[in-house]
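Here the protein sequences come in this chain order: A and B. When you number the first sequence by this note's numbering, it's gap-free, plus one each residue, and the end is 464. When you number the second sequence by this note's numbering, it's gap-free, plus one each residue, and the end is 378. Built from N, CA and C at the ideal position, the CB exists for glycine as well. All figures in this text were calculated on a predicted structure; none of them were measured in a lab. Below: one structure, written as structure tokens.
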Amino acid sequence: MDPQPDAADGVGGVDRADATGRARATRGAGAGGWFRATARFLRTGRRGAASPHRGSGRIWARGTGQALELGRALELGQALELGQAPGLGQALGLLWAEARAYALLVQVAFREAAQYRTSLALRSLTEAAATMLDLAAIGIIFAHLPALAGFSLAEVAFLYGTSALAFTLAEAFVGPVDRLGWHIREGRFDVVLIRPVSALVQTATLAFSPQRVARVIQPAVIVVVSCLAVPVHWTPDRVLLVPAMVLCGAVLAASAFVATAAVLFVAPDASVAVVASTQGSALAARYPMTVYGHHVALLLTVVLPIGFVSWLPALHVLSRPDPLGLPTALRFASPLVASAAAALAALAWRAGVRRYRSTGS
Amino acid sequence: MTVVAAPRPPGAADVTGPPGVLAELRTWAAIAAASARANVAYRATVAASVLSNVTLTVLRGYLALAVWEARPGLAGYDSRHAVTFVVLGQALMTTFAVFGGMIDVPWRVENGGIVIDVARPFGFLHWWLAQELGRAAVFLVSRALPAGLAGLALFGAAPPASPTAAAGFAASLPLALLVSFGIRYLVGLTAFWITDARGALAVSALTLTFFSGAVLPLTIFPGAFGEVARALPYGAIIQMPMDIYLRPAGGGGIGEALAFQAGWAAALLVASDLVTRLALRRVVAQGG
């Protein structure tokens, strides 16, 4: 391992331990992984997200005797930013490096959690059980009604399963970004900005909770069961559309998570609002859009892309006419919409990082 | 919630003699006021919260309409009453923190700040309850009121069924807050034993939302499941206030609903006090 700045090491170690609250015995492992990642990035000579705090970062680095290495990394980052746009190879290289950093940090979180296997198993079980309540709400409605807005139980279960799978996947991968407000208030985001890994990757992994992954199980089972239950003639395009819509839905949901978390840069106390808005989108995607009336349904498909998570592709899978009369092509537009949403979320996040000011106290 | 150092009124922590009731009340008021100020400090937060609250109000309102238009008279509500239930219940959700959390105990345990809370010259439980009162007052005005008015405007919600119902509804709100506080405080205290309380918090948020009656009225939960759901303390948070609000004149049962709330509130506060004692014995201040 490269000789690391002692101060930065200390901060890194303490930070992870704080964020996860895990016992100090595991701190070494977490910090070790972090150091290796840091060392790798410093060696490859690049840094992560565009940092508006370049100046302060540099002063801080000098203070820790790390000016040379970090300075070199920062200058390269500046060159990338100010000079000509990076080539495709360079851009892909950056993306690949961030993906590896993400995988590494998630792996560390899993290894930390695996120190207490029974606890992890119990927490995973309770999380998986708690998702049953969403399903119970649908069950209660159908205990009184034969069909909701013309959709049968199996069809609503399909809508619920695919959208919930998309949302739980997104939550498992980037869910911890909603803790950003706390990181900012506690003054820990300063540290995030001077590390050579993208601020987004760090925020998404800083409070990563492995047990969240267990929430994916129930919706996945519902997707399979409802696919068997709906009266659909399964042609290849329909079979392919199911995983595609879940994937696009997950990208859409992750974009929503990141974009709303970017609001926390302006209003660090709004975590509850972020949770409420993501729960709102999950709720909206769960039922046939026609439940919400014509105007709200249009708002939820055309303005907010929630309809693209499951509703529009599901209309093709279930071979139903569109009650809103939207063009059929939109049923296959989810990949495009998801890409656009991801780009917008990235812009929002960047704008947020640029606006970030350290806490006063 | 940001912990704000409450200005200590003279005599509140007078070690030479027991503080008077007045001084005690002044301390409570000072902590609640400080907590309220912390909660209005972030204007953008209030705006974001109101926006998301109104969004959820619209979604849940339409869902209720769709269900009750297909089955008018379900659970004894016509569609207007059902929409009123869902829309006003949703408006109250943030005030009663049905999404869980809003009590920073787990966070303070994680970062060690809990040591300061333990050392305050004011009871640990009282400190958090006083803060909660300040927070809820701000949320009632800044969140529940706009969301409730939006619900009224969009869905034409019904007014309280009678003056008695209105008075009962007003009386049920503080009790609902105490029940909600008791549950969330107890969940927060688990942090003393399991350190990473996020799992417990997530599960409690889901159960709170579901069994409080905020998602669907508990009165339409079928069979034995419904019986159990209606007996749990969660119902005291949204179901009972809305029940009282919609109770027709001379319908009776308002006293029973209030007694249900008061009983659970008392039980939860006693439990909170006991568990607080156990939890505080576990506090170890580690140097670092």
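- Our two residues, B:ALA226 and B:THR185, have alpha carbons roughly 5 Å apart in a direct line.
- With the rule of 3 Cβ pairs closer than 8 Å, the stretch 376-383 of chain A does not count as touching the stretch 436-443 of chain A.
- Straight-line spacing of the CA atoms in B:LEU368 and B:ALA281 works out to 12 Å.
- The Cβ atoms of A:MET392 and A:THR265 do not sit closer than 8 Å to each other.
- Contact check for A:LEU429 against A:THR404 passes: the beta carbons are separated by less than 8 Å.
- The alpha helix (DSSP H) runs of length 4 or more contained entirely in the stretch 254-291 of chain A are, from start to end of the chain, 256-277, 283-288.
- For the stretch 247-270 of chain A, residues whose beta-carbon sits nearer than 9 Å to a beta-carbon of chain B comprise HIS247, LEU248, PRO249, ALA250, LEU251, ALA252.
- The stretch 127-146 of chain B and the stretch 361-376 of chain A touch, with three or more beta-carbon pairs separated by less than 8 Å.
- Contact check for A:VAL211 against A:VAL280 fails: the beta carbons are separated by 8 Å or more.
- The beta-carbon of A:GLY396 is placed less than 8 Å from the nearest beta-carbon of chain B.
- Contact check for B:TYR152 and A:GLY396: beta-carbon distance about 5 Å, within the 8 Å limit, so the pair qualifies.
- For A:VAL211, the enclosing alpha helix (DSSP H) starts and ends at 191-216.
- Nearest C-alpha to B:ALA251 among B:LEU322, B:MET332, B:ALA352: B:MET332.
- Counting C-beta pairs closer than 8 Å gives fewer than three between the stretch 399-414 of chain A and the stretch 318-330 of chain A, which falls short of the contact rule.
- Taking 7 Å as the Cβ-Cβ cut-off, the stretch 297-329 of chain A approaches chain B at SER312, GLN314, given in chain order.
- Rounded to the nearest whole angstrom, the C-alpha separation of A:SER384 and B:VAL374 is 42 Å.
- Neighbours of A:TRP285 in chain B, taken as residues at a C-beta separation under 9 Å, are given in chain order as TRP197.
- Against B:ALA160, the close residues of chain A are LEU248, in the order they occur along the chain (beta-carbon pairs closer than 7 Å).
- Contact between B:LEU306 and A:ALA267 does not hold, since the beta-carbon distance rounds to 17 Å and is not under 8 Å.
- Among the CB atoms of chain A, one or more fall inside 8 Å of the CB of B:ALA156.
- Taking C-alpha positions only, B:LEU146 is separated from A:ALA359 by approximately 16 Å.
- Contact between A:THR229 and B:VAL293 holds, with the beta-carbon distance rounding to 5 Å and staying under 8 Å.
- When C-alpha distances from B:ALA352 are compared across B:LEU182, B:GLY179, B:LEU265, B:ARG210, the shortest belongs to B:LEU265.
- LEU164: these are the residues of the stretch 164-180 of chain B whose beta carbon lies less than 8 Å from some beta carbon of chain A, given in chain order.
- Judged by DSSP in its simplified three-state form, B:LEU306 adopts coil rather than helix or strand.
- The alpha-carbon of B:GLU317 is positioned some 17 Å away from that of B:TRP354.
- Following the DSSP letters along the chain, one finds A:ILE243 inside the alpha helix (DSSP H) bounded by residues 235-247.
- A:LEU262 and A:GLY242 have their C-alpha atoms some 14 Å from each other.
- Residue contact check for B:THR280 against chain A: no CB pair falls below 8 Å.
- Within chain B, no C-beta atom comes less than 8 Å from the C-beta of A:ARG214; the nearest is roughly 15 Å away.
- Check the Cα spacing between B:ALA290 and each of B:THR309, B:LEU276, B:ALA122, B:LEU239: the tightest is with B:LEU276.
- As the crow flies, the alpha-carbon of B:ARG161 is around 21 Å from that of B:PHE315.
- Burial is judged here by how many other beta carbons sit within 10 angstroms of a residue's own beta carbon; B:GLN180 has at least 16 and is buried.
- Across the stretch 105-139 of chain B, CB contacts with chain A closer than 7 Å involve TYR132, ALA134, THR135, ALA138, SER139, in sequence order along the chain.
- Residue pairing by DSSP places A:LEU251 opposite A:PHE254 in a beta bridge.
- Along the stretch 385-411 of chain A, going in chain order, the ones with a CB nearer than 7 Å to a CB of chain B are LEU386, ALA387, TYR390, VAL394, TYR395, GLY396, VAL399.
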